[in-house]
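One structure below.
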Amino acid sequence: MFTLDRLPTGLALFVLTSSQLASAFYLPGITPTNYKTGDLVQLNVNHLTPSQSQKDANVRSAFSFDYYHHAFHFCQPDGGPQSVSESLGSILFGDRIQTSPYQLKMQVNETCRAVCDEAVFEPRDAKFVNRRIHQSYNLNWLVDGLPAGQPYKDPNTDTEFYMPGFALGGVQNEQPRLNNHYDILIDYHEVRREQHRIVGITVEPSSFGESKRTGDGEDHSADCGNPDVPMVLDEDGQSRVTWTYSVYWRPSATSFATRWDKYLHVYDPKIHWFSLINSAVIVIFLIGMVSTVLVRTLRKDIKRYNRLDQLGLDDLGGGDSVEDGVVEDSGWKLVHGDVFRAPKHSLALAVLVGNGAQLFMMTGFTIAFAVIGFLSPSNRGSLATVMILLYTFFGFIGGYVSSRVYKSFSGTKWKPLFVLTPSAVPAIVFSVFFLLNLFVWARQSSGAVPFTTMLVIIGIWFVITLPLSIAGSWIGFKQPQKDAPVRTNQIPRQIPPASGYLRPLPGILIVGVLPFGAIFVELYFVMNSLWSHRIYYMFGFLFLSFGLLIVTSAAVTILMVYFVLCAENYHWQWRAFASSGASAIYVFAYSLLYWARMLNFSSFTGGLLYLGYSLLISFLWFVMSGTTGFFASWVFVHRIYGSLKVD
Ligand SMILES: *[C@@H]1O[C@H](CO)[C@@H](O)[C@H](O)[C@H]1NC(C)=O
1 MFTLDRLPTG LALFVLTSSQ LASAFYLPGI TPTNYKTGDL VQLNVNHLTP
51 SQSQKDANVR SAFSFDYYHH AFHFCQPDGG PQSVSESLGS ILFGDRIQTS
101 PYQLKMQVNE TCRAVCDEAV FEPRDAKFVN RRIHQSYNLN WLVDGLPAGQ
151 PYKDPNTDTE FYMPGFALGG VQNEQPRLNN HYDILIDYHE VRREQHRIVG
201 ITVEPSSFGE SKRTGDGEDH SADCGNPDVP MVLDEDGQSR VTWTYSVYWR
251 PSATSFATRW DKYLHVYDPK IHWFSLINSA VIVIFLIGMV STVLVRTLRK
301 DIKRYNRLDQ LGLDDLGGGD SVEDGVVEDS GWKLVHGDVF RAPKHSLALA
351 VLVGNGAQLF MMTGFTIAFA VIGFLSPSNR GSLATVMILL YTFFGFIGGY
401 VSSRVYKSFS GTKWKPLFVL TPSAVPAIVF SVFFLLNLFV WARQSSGAVP
451 FTTMLVIIGI WFVITLPLSI AGSWIGFKQP QKDAPVRTNQ IPRQIPPASG
501 YLRPLPGILI VGVLPFGAIF VELYFVMNSL WSHRIYYMFG FLFLSFGLLI
551 VTSAAVTILM VYFVLCAENY HWQWRAFASS GASAIYVFAY SLLYWARMLN
601 FSSFTGGLLY LGYSLLISFL WFVMSGTTGF FASWVFVHRI YGSLKVD
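So, in structure tokens, the structure goes:
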């Protein structure tokens, strides 16, 4: 028998198993490694990424470079660098993690050691590197899964945190100085005697123009020279550079479980909260007001329509009252014989809606997983990997939805539907992606997705998405179709010409602005982390914004559809999709504004890349957001015409 006192045990058991589940998800970044004094700690290197410049906070490039790009002349480990295995998502988002020659030993401090023999920079390489310094490129190192950061003090809260990445060089008096020395500071936490865990790493780079290696062979000792003489690469002749480093191990009270907190610092939580709550309140207020008015009007309409109907039927003798009824029969009821008429190009709409549903599910589940904490940044690339996997498996939903919608349109071209649903949108995305990738590849940037990864993605699509989508479409095709609430007439009604905001383009633009307005603050943060290579982790905000986006899109689109129907225009399907999707137009415009304000690409291809990706994101946004509005209107139209008594 189940009694109340059993409940806590059950609950505890549940919490225990779910936390075990969570730890199973976390594995790579979260299982602590214990080091004894003198144990070798591996330092891995990732690609070089552009960051915001110190001068005007602009980002000047969109490309990342491989750490072992020949022009940088960074020291290589014996036998050449090895690739560290990574997840698919991590590779897609540009991570290129490799081994390094740095020899860090737990708790062993070292000062001024040469990494390898001096490197010789020819003028061409010097030009290349100086340009990268001007563009504020950052080095990205990883120690024990933690990114090497630079200490930074938040002026608002006066707390110290670590900003991932450190500068390749600096510019002083227009002169680029290469940082060839690194002070590596590692925080460790002693769990027990002889059990140390790494809980933080910062690197302070500096430029030492006179450093020389003094030892030979295994002896890496060096002389760092006068710290006031910077290392400047000569663009007209050869320059000799010795890469040096020092290591300092600092005991720390930070525990392993909280070691990421220092990296995930919320810049302005107050502003963030304020703006989000602000827009949420406005939006909810608006929607509440509008929907009360709408529901009241609708109730009145329905009552009146049904009463008139009754009058017309019961009072056969009184021709006058029937006449009256016809006169008063106006507004959305008039189009009841046409609202469920299939729209033009119903195949295209069904395909788009199916894909939108797939994207919607993917986005929703990814954000939900991230909010629960399954996708912590300690697990590199997990976010992108989960996104790809979810997209792949939700192919089933895409197929199902598109064929259900197509069936309700009484479509007949089933074969094209089966093929186009899983292929049309992915083909567009993939071709744009492939084209952009060609440019990245031509720039010798490491951001280019390797050919093998592309093949893997195509393979996954072929083996999983395609069959799943076709299976979904098939099931949707086989299911019996429920009748529409009202019959559709043989002959289509004439549609009176629209005016003002009911014309297609103004109407679409008006509807799009509100959902965008509700979320654009969060959009700014997402774009910031995307283009200046920061870690994004404010998934709670993102979750709320996603909710706001859905609610706003749905509400405003329903309102627009109501007005359109009242104007005796029954072409609501495409209108609903396009109106709700129109927020994508604003997203694109906003990304252009962001470009003008925050980015300052010094090459044509950088701009092209930015434009391409922005277009791609806006397109996917259009499909996803349009689907939200379409289904909201779908439910609305079915509800209101379902409560009519016709015939
Ligand atoms: C290593 O350097 C750090 C920072 O200067 C210092 O706090 C620590 O005591 C040093 N450790 C050893 C073993 O000398």
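Yeah, the sequence shown ends on 647 if you go by UniProt numbering, and it's all consecutive. Just so you know, even glycine gets a beta-carbon here, dropped at the ideal spot from N, CA and C. On a predicted model such as this, the values are computed, not experimentally measured, just so you know.
One Cα belongs to tyrosine 524, the other to glutamine 52, and the distance between them is close to 15 angstroms. For isoleucine 198, the uninterrupted beta strand (DSSP E) segment begins and ends at 195 to 206.
In the three-state scheme derived from DSSP, where H, G and I count as helix and E and B as strand, isoleucine 535 is classed as coil. One thing to note: glycine 89 has its Cβ within 9 angstroms of the Cβ of valine 386.
Within 8 angstroms of the C-beta of asparagine 437 there is not a single heavy atom belonging to ligand 1. With a cutoff of 9 angstroms on beta-carbon distance, arginine 259 and isoleucine 198 are scored as near each other. According to DSSP, threonine 244 shares a beta bridge with Ala114, His181. Those residues that bring their Cβ nearer than 6 angstroms to a heavy atom of ligand 1 are Gln107, Asn109, Tyr248, Trp249, Arg250. Boundaries for alanine 578: no beta strand (DSSP E) harbours it, while the alpha helix (DSSP H) harbouring it runs 572 to 581, taken from the DSSP string.
Of the residues assessed, glutamine 573 falls on the buried side of the cut-off, its CB having 16 or more other CB atoms within 10 angstroms. Under the 8 angstroms Cβ criterion, the stretch 335 to 347 does not count as touching the stretch 364 to 378, having fewer than three qualifying pairs. Of Gly337, Leu542, Pro155, Leu48, the smallest CA-CA separation from tryptophan 141 is found for Leu48.
Between the alpha carbons of serine 633 and serine 580 lies a gap of roughly 10 angstroms. DSSP lists Phe121 as the beta-bridge partner residues of serine 239. Here the stretch 272 to 285 does not lie against the stretch 122 to 137, with fewer than 3 beta-carbon pairs under 8 angstroms apart.
By the neighbour-count criterion, in which 16 or more other beta carbons inside 10 Å mark a residue as buried, valine 108 falls on the exposed side. For lysine 153, the enclosing beta strand (DSSP E) covers residues 149 to 153. Taking the CA atoms as reference points, threonine 244 sits about 55 angstroms from phenylalanine 396. Of Ser83, Val432, Tyr537, the smallest CA-CA separation from leucine 620 is found for Val432. Look at the beta carbons and you see the stretch 33 to 47 touching the stretch 97 to 106: at least three pairs across the two are nearer than 8 angstroms. For isoleucine 186, the three-state secondary structure derived from DSSP is strand. Boundaries of the alpha helix (DSSP H) harbouring glutamine 358: 346 to 372, taken from the DSSP string.
Per DSSP, the unbroken alpha helix (DSSP H) holding valine 637 starts and ends at 604 to 642. Straight across, the Cα-Cα distance linking tyrosine 590 with valine 295 is about 34 angstroms. In the three-state DSSP reduction, threonine 552 falls in the helix class (H, G or I). By the neighbour-count criterion, in which 16 or more other beta carbons inside 10 Å mark a residue as buried, alanine 596 falls on the exposed side. For tyrosine 35, DSSP records a beta bridge to His196.
Annotation: tyrosine 391 is outside any beta strand (DSSP E); the continuous alpha helix (DSSP H) that includes it extends over 382 to 393. Annotation: the continuous beta strand (DSSP E) that includes valine 143 extends over 141 to 143.
Between leucine 565 and tryptophan 414 a beta carbon distance of about 30 angstroms is seen, past the 8 angstroms cut, so the two are scored as non-contacting.
In the displayed model, serine 252 falls within coil according to three-state DSSP, outside both helix and strand. Excluding its 5 nearest sequence neighbours in each direction, valine 425 has C-beta neighbours in its own chain below 7 angstroms: Asn355, Val623, listed in chain order. Annotation: proline 515 to alanine 584 spans about 10 angstroms, alpha carbon to alpha carbon.
For asparagine 44, DSSP records a beta bridge to Thr99, Leu142.
Cβ contact annotation for serine 445 (same chain, cutoff 7 angstroms, sequence separation greater than five): Phe63, Ser64, Phe65, in chain order. When C-beta atoms of the stretch 486 to 501 are compared with those of the stretch 536 to 546, fewer than three pairs fall below 8 angstroms, so the two segments do not count as touching.
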